[in-house]
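Protein chains in written order, with our numbering: chain A, 1 to 286; chain B, 1001 to 1458; chain C, 2001 to 2184.
Glycine included, C-beta positions come from ideal geometry on N, C-alpha and C.
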Amino acid sequence: MTIRLGAIIAGLGLTAILLFWSLVPGVFTLANEGLPEEPDYYAFQEEHLSPAGGFAFEGPLGKWDYQQLQRGYQVYKEVCSACHSLKFVSFRNLEQIGYTEAEVRAEAASWMVPGIDPKDGSSIERPGLPTDRFPKPYANDVEARAFNNNAIPPDLSLITKAREDGTHYVYSLMQGYNEPDPEDVAESPDFETPPGLYFNEYFYNINIAMPPQLLPDIVTYSDGTEATTEQMAADIAAFLTWAGEPALIQRKQTGWFVIAFLLFATGMGFLSYKTVWAEKKKKKKA
Amino acid sequence: MSFAWANSYEPKSAFTKWIDEKLPLPRLVYNAVGAGYPVPRNLNYMWNFGVLAGFFLVFQIITGVVLAMHYAANTEVAFGQIEHIMRNVNYGWLLKYAHANGASFFFLVIYMHIFRGFYYSSYKAPREMIWLLGVVIFLLMMATAFMGYVLPWGQMSFWGAKVITGLFGAIPVVGEPLQVWLVGGYAPNDSTLNRFFSLHFLLPFVIAGAVILHIWALHIPGSSNPTGVEVKKESDTVPFHPYYTAKDGWFLGLVLSIFAAVVFFAPNALGHAENWIEANPLSTPALIVPEWYFYPFYAILRAFTGDLTIPFTGIVLIEAKLLGVIAMFGSILLWFFLPWLDKSPVRSGSYRPLFRIFFWIFVVDMAALFYLGGAHAEEPYILLSQIATGWYFMHFLVILPIISQIEVPKALPFSITQAVLGSDDDAHGSKSGGGDKPEKVAGALPGHDDDGSLQPAE
Amino acid sequence: MASTAEDAGTQEGVRRRDWIHIAAISTAGVGGASVLFPLISQMAPTADVLAASTTDVDVSSIQPGQSIKAVFRDQPLFVTRLTPEAIAEAKEVDASSLRDPQTVEERLGEGDNDILVQLGVCTHLGCVPLGAGEGESKGDFNGYFCPCHGSHYDSIGRIRKGPAPSNLAVPEFEYASESVIRVG
């Protein structure tokens, strides 16, 4: 009895505190000021674009499109890598997107990675080996800021997982450079693009430090595909999806096998269960 | 610690006889989860989640021990080690995703287990100790899961650690030194990561110990059942094996199929994208939220927005931050008192019309808290979480004690046998479908075994 | 007659039931066993370790009689340019009289190769033998000496005395270019 009385008093007391000191003042403020409005600069586009027909790796039956991944790698190498690192990916991983061992060795050697001089131990640049990771364009964050108008270009190895709906985010962001709606600009100063930044409706605060990159024909695809902005955006988004989760397709394929087995086992277990309980359930009808 | 009619273990071969004399472990297992444990025959599928919780505990320990072979608790490399596991370790991606989602499924299963307890009043005498140990297990699980989420050293790991350890800073006088001591610094650092790894490794084994006590305590009175009427005789029960091993077995297969669907096709659906960004002590994510299984308690924490002051004097008695912390810890600690708050002699919610209405309102309230805990801390979510938090405390501390006093329960069946078969030869004079008056059942609670019903044999 | 038919029916039922249980338990067993596969294979060398399993060594600057130490699969690798005298001396030894009979050709390869590549791991219990570095003890046979348990190897790494069972291991290697050998 004492416990219950104490509980009722404690419950009423706590609720009263919540009611009179938190809820009522909150309601009062809300009644006076109304619901807070979302700041204008926060009104970025959360609906992302998708290429016609989607990406090959999407869906439970998805597969890598190696041609596309290799084109995406070309875009990374020739455009993105000037400012963005890919620090968790090694050259040897390129074998997974359809390059042969010899091609990977040659490709790695075309990059310069930091090393040491075997004679005197000084820091030098040496040609990459397949076991090396992709080199970072800047020595550290301070240098990255200094070269990029005080913004640090993020590492791209996990970018498609580190953003909501990351693959489509990258695809959209690459094509999102346009002009802000003149009406919005007239209405709110937040829509004016500050100097040194670029309007991009898919970026979370609509003004991004990265200039538009994928201008038509900035790369010449070795497989002859026309390098439109849209094409390059799709290719780089696919490549970065692979870079973020190389095991994606293996995972889905393993998944089908595991689920099929589990459902079979569940079915067997259910039959066994039914058989075990048959006697006990039979009596119920009697 | 079992019923008189329980099957008894009889070793057949010379070898098992020899074992049984030296170390009767097979006998223990036989009596605990084998044919030697009589269980009410009418358990529904809500009773499957206990075994499932045990399964996920073992699953988490196995995948966790294996992942620890590749992890390094050092802020310089921890994030990269996770990537090493994802990219280089054989089946590392599978182990990592299975462990991360295994935690979610462990909590999912535990919540089902707890709500089964709420509805069927599994906490009531003579099962208070099982319930108390269960709450201890839940608290240990929360601590373990929180520390585990810090280990990948992503943005959410870091800021989660910072915010949650910051709670202790709210305690008057000792708060700030305590927080610095807990973290081993002024913000989460190498020391924090190392101690969290150490404890994250240790606590699951403590949980396993508590689970053994939980099961031990369960075997003293035996399992509860959906009618809430205690076992009276042999026809009320079936042996755990093969009846419930078969039922748990196929249900485990079903849950594992769903688990596999998540692990293989949507492994990041329950996580946060932010945690794939390495921890950066200089940049806070836009929305810091814990994992989904902490949402209700996080909502309660954030519900208190105003300091408790003496009106018109401006004297602050308790700061809002401390109120939130008290409420959050209180919201779980009050479960310890549950067996003594709800004194209705009827256990099962199915026979308690008034309780049942409030139970479902409480489920809606918890669902609201789940939603609100993951929402931005802005109106109208704050307002809603305040209402939901108020209802949470009212439900346990005020509504339950009062309805258990004023409610008129429905008639209970005479026995489990009657509930299942529709009739019971031993129920003299009671009509089919009718049953004992609740008062009589109250008398039949342990300590009142004057009605001659069978009590658990020693 | 009727009762016999009934008995047979029950027996049939029992057998079918048993079959279901055996099948269900076996399926669960197969499932449990397949879970062991990732749990065991995760302890095998990781992809980055496997990828790093070749080592390139520049041998152009090694003078006759000189050795350098490199690292191959996390173990020391001795790369030596033998002097013509040492090769001639090693050829004089009757290989069949040795504990681990190996000829000079078997260790150096055919042709005029004078680069000896061997793992600097004593075949007894895995210590690093002395002899490859300047001024280290070369043992009784002017080659290598393992200080742990006193194994003596000759100049081309053949075991001559002491507890080691076999010669220093010679890994596979090829010339990647004029001056660089690729081991592994």
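query, result
"Minimum Cβ-Cβ distance from A:PRO60 to chain C less than 8 Å", "no"
"Unbroken alpha helix (DSSP H) run spanning B:SER1122, endpoints", "No alpha helix (DSSP H) contains B:SER1122, which DSSP labels as neither H nor E."
"Where the alpha helix (DSSP H) through A:VAL290 begins and ends", "Residue 290 of chain A is absent from the model: chain A starts at 1 and stops at 286."
"Complete alpha helix (DSSP H) runs within the stretch 31-103 of chain A (minimum length 4 residues, chain order)", "66-78"
"Interfacial residues, the stretch 2044-2073 of chain C to chain B, with Cβ spacing under 7 Å", "ALA2044, THR2046, ALA2047 and ASP2048"
"Alpha-carbon to alpha-carbon, A:PRO114 and A:GLN213", "26 Å"
"The stretch 1049-1073 of chain B: positions lying closer than 9 Å to chain C by Cβ", "ILE1062, THR1063, VAL1066, LEU1067, MET1069 and HIS1070"
"Burial state of B:TRP1093 (16 or more Cβ within 10 Å)", "buried"
"Through-space distance from B:GLY1148 to C:LEU2082, alpha-carbon basis", "56 Å"
"Within 8 Å of chain C by C-beta, residues of the stretch 1088-1110 of chain B in sequence order", "ASN1088, VAL1089, ASN1090, TYR1091, GLY1092, LEU1094 and LEU1095"
"Interface flag, A:ALA265 vs chain C, CB-CB below 8 Å", "yes"
"Residue closest to A:GLY166, alpha-carbon to alpha-carbon, out of A:PHE147, A:GLN68 and A:ALA243", "A:ALA243"
"Cβ-based contacts, 8 Å cut-off: residues of the stretch 1117-1139 of chain B near chain A", "none"
"3 or more residues per run - each beta strand (DSSP E) lying fully within the stretch 159-211 of chain A", "none"
"Neighbour-count burial assignment, B:PRO1172, 16 or more Cβ in a 10 Å radius", "exposed"
"Any chain B beta carbon closer than 8 Å to A:ALA146", "no"
"Segment limits, beta strand (DSSP E) that includes C:ALA2070", "2067-2072"
"Given 8 Å, three or more beta-carbon pairs between the stretch 1016-1030 of chain B and the stretch 1209-1217 of chain B", "no"
"Minimum Cβ-Cβ distance from A:PHE261 to chain C less than 8 Å", "yes"
"Proximity winner among C:GLU2174, C:GLY2065, C:VAL2093 and C:GLU2136, relative to C:ILE2159 (alpha-carbon distances)", "C:VAL2093"
"Within chain A, partners of C:ILE2020 - CB distance below 8 Å", "MET268, LEU271, SER272 and THR275"
"Reference A:THR220, options A:TYR204, A:GLU201 and A:GLN74, closest by Cα", "A:GLN74"
"Residues bridged to C:LYS2187 [DSSP beta-bridge criterion]", "Chain C is shown from 2001 up to 2184; residue 2187 of chain C falls before or after that span and cannot be answered."
"Spatial distance of B:SER1423 from B:TYR1351 (CA atoms)", "18 Å"
"Every unbroken alpha helix (DSSP H) inside the stretch 1062-1112 of chain B [4 residues or more]", "1078-1087"
"Distance between B:ALA1006 and B:ALA1320 (C-alpha atoms, nearest Å)", "56 Å"
"Beta strand (DSSP E) segment containing A:GLU125, residue limits", "123-127"
"Minimum Cβ-Cβ distance from C:SER2207 to chain B less than 8 Å", "As displayed, chain C neither begins before 2001 nor continues past 2184, which places residue 2207 of chain C out of reach and without an answer."
"9 Å Cβ cut-off: residues of chain B touching A:PRO246", "MET1086, ARG1087 and TRP1093"
"Sequence-distant residues of its chain with Cβ nearer than 7 Å to B:LYS1162 (five each side left out)", "ALA1187 and PRO1188"
"Residues that C:GLN2042 contacts on chain B, provided the C-beta gap is smaller than 8 Å", "VAL1066, MET1069, HIS1070, VAL1089, ASN1090, TYR1091, GLY1092 and LEU1095"
"Exposure of B:LEU1287, with buried meaning 16 or more beta-carbon neighbours within 10 Å", "exposed"
"Contact check, A:LEU30 vs B:ALA1303, beta carbons under 8 Å", "no"
"Distance CB(B:PRO1204)-CB(B:GLN1386) smaller than 8 Å", "no"
"Touching by the beta-carbon criterion (3+ pairs, under 8 Å), the stretch 1232-1248 of chain B and the stretch 1041-1051 of chain B", "yes"
"Supposed contact pair A:TYR169 and A:ARG163 - C-beta distance, whole angstroms, cut 8 Å", "5 Å"
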